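A.B. asks: Right, I'll just put the structure down here and ask away after.
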Amino acid sequence: MSSFQSTAAVRACARRAAFSTTSAATLTSTTCRGAASRIQLQGQRSAGLAPKSWRRFASSSIANDNQQKMLASHLQSADPVMYDIIEKEKQRQKQFINLIPSENFTSQAVLDALGSPMQNKYSEGYPGARYYGGNEFIDASERLCQDRALETFGLNPEEWGVNVQALSGAPANLYVYSALMDTHDRLMGLDLPHGGHLSHGYQTPTKKISFISKYFETLPYRLDEKTGYIDYNKLEEMAITYRPKIIVAGASAYSRLIDYARLREICDKVNAYLMADMAHISGLVAAKVLPGPFNHADIVTTTSHKSLRGPRGAMIFFRRGVRRTNKKGEKEMYNLETPINASVFPGHQGGPHNHTIAALAVALKQAQSPEFRAYQSQVLANAKALATRLGEPKDKNGLGYTIVSGGTDNHLVLIDLKPQGIDGSRVERVLELVGVAANKNTVPGDKSALTPGGLRIGTPAMTTRGFNEEDFARVADIIDRAVAIAVRVNKAAKEDAVKKGNEKAQNRIKTFMEYLGNGENDPEIVQLRSEVESWVGTYPCPWDQSS
1 MSSFQSTAAV
11 RACARRAAFS
21 TTSAATLTST
31 TCRGAASRIQ
41 LQGQRSAGLA
51 PKSWRRFASS
61 SIANDNQQKM
71 LASHLQSADP
81 VMYDIIEKEK
91 QRQKQFINLI
101 PSENFTSQAV
111 LDALGSPMQN
121 KYSEGYPGAR
131 YYGGNEFIDA
141 SERLCQDRAL
151 ETFGLNPEEW
161 GVNVQALSGA
171 PANLYVYSAL
181 MDTHDRLMGL
191 DLPHGGHLSH
201 GYQTPTKKIS
211 FISKYFETLP
221 YRLDEKTGYI
231 DYNKLEEMAI
241 TYRPKIIVAG
251 ASAYSRLIDY
261 ARLREICDKV
271 NAYLMADMAH
281 ISGLVAAKVL
291 PGPFNHADIV
301 TTTSHKSLRG
311 PRGAMIFFRR
321 GVRRTNKKGE
331 KEMYNLETPI
341 NASVFPGHQG
351 GPHNHTIAAL
361 AVALKQAQSP
371 EFRAYQSQVL
381 ANAKALATRL
391 GEPKDKNGLG
401 YTIVSGGTDN
411 HLVLIDLKPQ
421 GIDGSRVERV
431 LELVGVAANK
441 NTVPGDKSAL
451 TPGGLRIGTP
461 AMTTRGFNEE
471 DFARVADIID
481 RAVAIAVRVN
491 KAAKEDAVKK
501 GNEKAQNRIK
511 TFMEYLGNGE
521 NDPEIVQLRS
531 EVESWVGTYP
541 CPWDQSS
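The sequence shown lines up with residues 1 to 547 when you count with full-length UniProt numbering.
Have a look at this one:
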């Protein structure tokens, strides 16, 4: 047997040991040992391997065997500590009422794609123009994702294109700004304390909180605080004076429809691009239960993991074709595709996350189904039921809370807690202790985004798990009980601080949190947590039903 054949025999044994259903250790100690003995004897009669060489090959074989075992191991045996953390998080998700509007439960098929070997491939560039070889099927995956993105939102590929490589929503917005503006060009977006998003720019009188406001000049538009709706008249006045390059139509905590047509008119008056960020509502738009921005916007960005129920990724849609015709009848063409694609790669990113793109393609296919449309209709119905139960006066069988704008047109509800004498941070913590995930949020009238007076809640996640209108009416009652607990604990914490001679600390959030602890000594918290867990645990998560 030649040295080449000897090496091949040892490696073949190692491979069989690694992947056989028989114990790898047994195979290594018997099959490969026997092969090694035969090879060593044959090596003494030929010009092949000497004994020392065999020992090196045997050692290499064992190392390779161990490596293959490690690579083939599932998580539970490969890393029990991380496996335990993930299992605990799965249990937490199952036992919690998730009211965070930006979260959802994605499908098992999407999770399968996220954990696929598509993750192994590097593919800088775009389909048909990569900087690496071996991208035939990566290209097919990305093209499929692009095609499905346009199909899902009913877009003509001659009029619209899409980039699916952006890693998430905030980076996607930055890529658009960088493609269309120079540093210190002007941008307008909804003010963060009025329901906007950090990626649309945010600064205080003393600090640029969002670096978007550092790279570009940003001016926020706001709500009419009396109505809770966007003040379009004031927005127009500001835009005419400010002359922004881009106006962003989008929000993270705005429960009403955005008037894209009105914003289009304003943009045309000041020669600005209209960029719509539909991250929160893209699933509702895909299902055609809410009007979308595509008839009016030049660029549309969205995340893919919120109401769209996909992986944590993003898409950037851009116009193609004629932008406008001037008074002389000359056509001005859009020039968005090349600068936006160049801004994504190589301007800001290297290789795309191909497993995410594959998973996004799966989610987009699901978003075209009748089941998805029915789901989104239920999301809206549930949000209205939640807002009605919370916001109706007590004499009309409601709970009497102040709902910003008086209700909702989409998937979220924004509660102003100031009339209850409590803030969003304290209520959020009590809700967490009783098994409800929500988030503190600014509301009109707040002095700072850092001290929010409201609570933002939404219906997509629990609608995925099967909640209906009656369930969300019950959720409203749970929130009401949590608010009452927060008010009681806050009062007791203040009294305790004063009693200890620490009057200056009585209003601090830290004082409340320390007094509250983990709630295990508060009978109301313990009782409510037990009720929530026993109720919500009966509703399945997607992984419970996967086969």
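All residues carry an ideal CB built from backbone N, CA and C; glycine is no exception. This structure is a prediction, so every number in the text was calculated from the model and none was measured.
Can you say whether Y131 is buried or exposed, counting buried as having 16 or more other CB atoms within 10 angstroms of its CB?
C.D. replies: Answer is exposed; the Cβ neighbour count stays below 16.
A.B. asks: How many Å lie between D277 and E217 at the Cα?
C.D. replies: Roughly 19 Å between the two C-alpha positions.
A.B. asks: So, at 6 Å on beta carbons, what are the nonlocal neighbours of V489 in its own chain, with the 5 sequence-adjacent residues on each side left out?
C.D. replies: Excluding sequence neighbours, V489 sits near L516.
A.B. asks: For A129, list the residues DSSP reports as bridge partners.
C.D. replies: DSSP, once it has assigned bridges, lists Y126 as partnering A129.
A.B. asks: To test your reading of the DSSP string, which unbroken beta strand (DSSP E) runs of 3 or more residues are found completely within the segment 151-235?
C.D. replies: If we require 3 residues or more, the beta strand (DSSP E) runs fully inside the segment 151-235 come out as 160-163, 186-190 and 217-221.
A.B. asks: Hey, would you say A314 sits closer than 7 Å to T303, going by beta carbons?
C.D. replies: It is a contact, given that the beta carbons lie within the stated cut-off.
A.B. asks: Leaving aside the five residues before and after V110 along the sequence, list all residues of the same chain whose C-beta is less than 7 Å from its C-beta, in chain order.
C.D. replies: So the qualifying residues of the chain are G310, P311, A359, V362 and A363.
A.B. asks: Return yes when the Cβ of D416 is within less than 7 Å of the Cβ of V443, no when it is not.
C.D. replies: Cβ distance < 7 Å, so V443 and D416 count as in contact.
A.B. asks: Where L284 and H348 are concerned, what is the direct C-alpha to C-alpha distance, given to the nearest angstrom?
C.D. replies: Cα to Cα, the separation comes out at about 30 Å.
A.B. asks: Kindly indicate which three-state DSSP category D496 falls into: helix, strand or coil?
C.D. replies: Three-state DSSP puts D496 in a helix.
A.B. asks: Considering only the alpha carbon of each residue, which of K327, E332 and K288 lies closest to S369?
C.D. replies: The shortest Cα separation from S369 among K327, E332 and K288 belongs to K288.
A.B. asks: Mind checking which residues open and close the alpha helix (DSSP H) that includes N502?
C.D. replies: Where N502 is concerned, there is no enclosing alpha helix (DSSP H), given that its DSSP letter is neither H nor E.
A.B. asks: How big is the Cα-Cα spacing for Q146 and V162?
C.D. replies: If you take the alpha carbons of Q146 and V162, they lie about 6 Å apart.
A.B. asks: For the 8 Å Cβ check, are there 3 or more pairs between the segment 92-105 and the segment 453-467?
C.D. replies: Verdict: yes, contact present.
A.B. asks: For the beta strand (DSSP E) that contains V413, what are its first and last residues?
C.D. replies: Counting along the chain, the beta strand (DSSP E) containing V413 begins and ends at L412 to D416.
A.B. asks: Is the Cβ-Cβ distance between G189 and V248 less than 7 Å?
C.D. replies: Yes, Cβ-Cβ distance for G189 and V248 is below 7 Å.
A.B. asks: When you compare only the Cα positions, how much space is there between S46 and Q67?
C.D. replies: Residue confidence is low: S46 scores 47 on pLDDT, short of 50, so the model does not pin down where it sits. No coordinate-derived value is stated.
A.B. asks: Kindly indicate the opening and closing residues of the alpha helix (DSSP H) around N111.
C.D. replies: The sequence given here places Leu at residue 111; Asn does not occur at that position. Its alpha helix (DSSP H) spans residues Q108 to L114.
A.B. asks: Give me, in chain order, the residues of the same chain whose beta-carbon lies closer than 7 Å to that of T241; leave out the 5 immediate sequence neighbours on both sides.
C.D. replies: Answer for T241: no residue qualifies.
A.B. asks: Here's a check: name, in chain order, each residue in its chain whose Cβ is nearer than 6 Å to the Cβ of Q165, leaving out the five neighbours to either side.
C.D. replies: Closer than 6 Å at the Cβ level, and outside the excluded window around Q165, lie V344 and P352.
A.B. asks: Let me make sure I understand the geometry here. Which of K447, A381, N502 and D395 has the alpha-carbon closest to that of V413?
C.D. replies: V413 has its Cα closest to that of A381, out of K447, A381, N502 and D395.
A.B. asks: Using the Cα positions of R429 and K510, report the straight-line distance between them to the nearest angstrom.
C.D. replies: One C-alpha to the other measures close to 12 Å.
A.B. asks: Using a Cβ-Cβ cutoff of less than 6 Å, which residues in the same chain neighbour G169 once the five nearest sequence positions on both sides are dropped?
C.D. replies: Closer than 6 Å at the Cβ level, and outside the excluded window around G169, lie A279, T303 and A314.
A.B. asks: Evaluate F107 with the Cβ neighbour count: other Cβ atoms within 10 Å of its Cβ, from every protein chain shown; 16 or more gives buried, anything less gives exposed.
C.D. replies: At residue 107 the sequence reads Ser, which differs from the Phe that was named. Buried is the call here.
A.B. asks: Can you find at least 3 beta carbon pairs, one from the segment 83-93 and one from the segment 323-340, that sit closer than 8 Å?
C.D. replies: Contact fails: fewer than three Cβ-Cβ distances are below 8 Å.
A.B. asks: With DSSP as the reference, label V443 as helix, strand or coil.
C.D. replies: Three-state result, V443: coil.
A.B. asks: Could you tell me which residues DSSP pairs with K510 in its beta bridges?
C.D. replies: For K510, which the question treats as bridged, DSSP gives no partner whatsoever.
A.B. asks: Consult DSSP for E87 and reduce its assignment to one of helix, strand or coil.
C.D. replies: Helix.
A.B. asks: DSSP puts Y334 in a beta bridge; with which residues?
C.D. replies: None; Y334 has no bridge partner.
A.B. asks: Out of T204, N295 and R481, which one is the CA nearest neighbour of V526?
C.D. replies: The candidate whose alpha carbon is nearest that of V526 is R481.
A.B. asks: Buried or exposed: which applies to A261, given that a residue is buried once 16 or more other Cβ atoms fall within 10 Å of its Cβ?
C.D. replies: Per the 10 Å Cβ criterion, exposed.
A.B. asks: Please go through the segment 376-434 and give each complete beta strand (DSSP E) segment of 3 or more residues, from N-terminal end onward.
C.D. replies: Whole beta strand (DSSP E) segments, 3+ residues: 412-416.
A.B. asks: Find the nearest neighbour of G134 within the set S123, T388, H355 and D79, judged by alpha-carbon distance.
C.D. replies: Closest by alpha carbon: S123.
A.B. asks: Following the continuous beta strand (DSSP E) through M118, name the residue where it begins and the one where it ends.
C.D. replies: From DSSP, M118 is part of no beta strand (DSSP E); its letter is neither H nor E.
A.B. asks: Buried or exposed, going by whether 16 or more other CB atoms sit within 10 Å of the CB of R79?
C.D. replies: Looking at the sequence provided, one finds Asp at residue 79 rather than Arg. By the 10 Å Cβ count, D79 comes out exposed.
A.B. asks: Starting from T356 and walking both ways along the alpha helix (DSSP H), at which residues does that stretch end?
C.D. replies: T356 -> alpha helix (DSSP H) spans N354 to A367.
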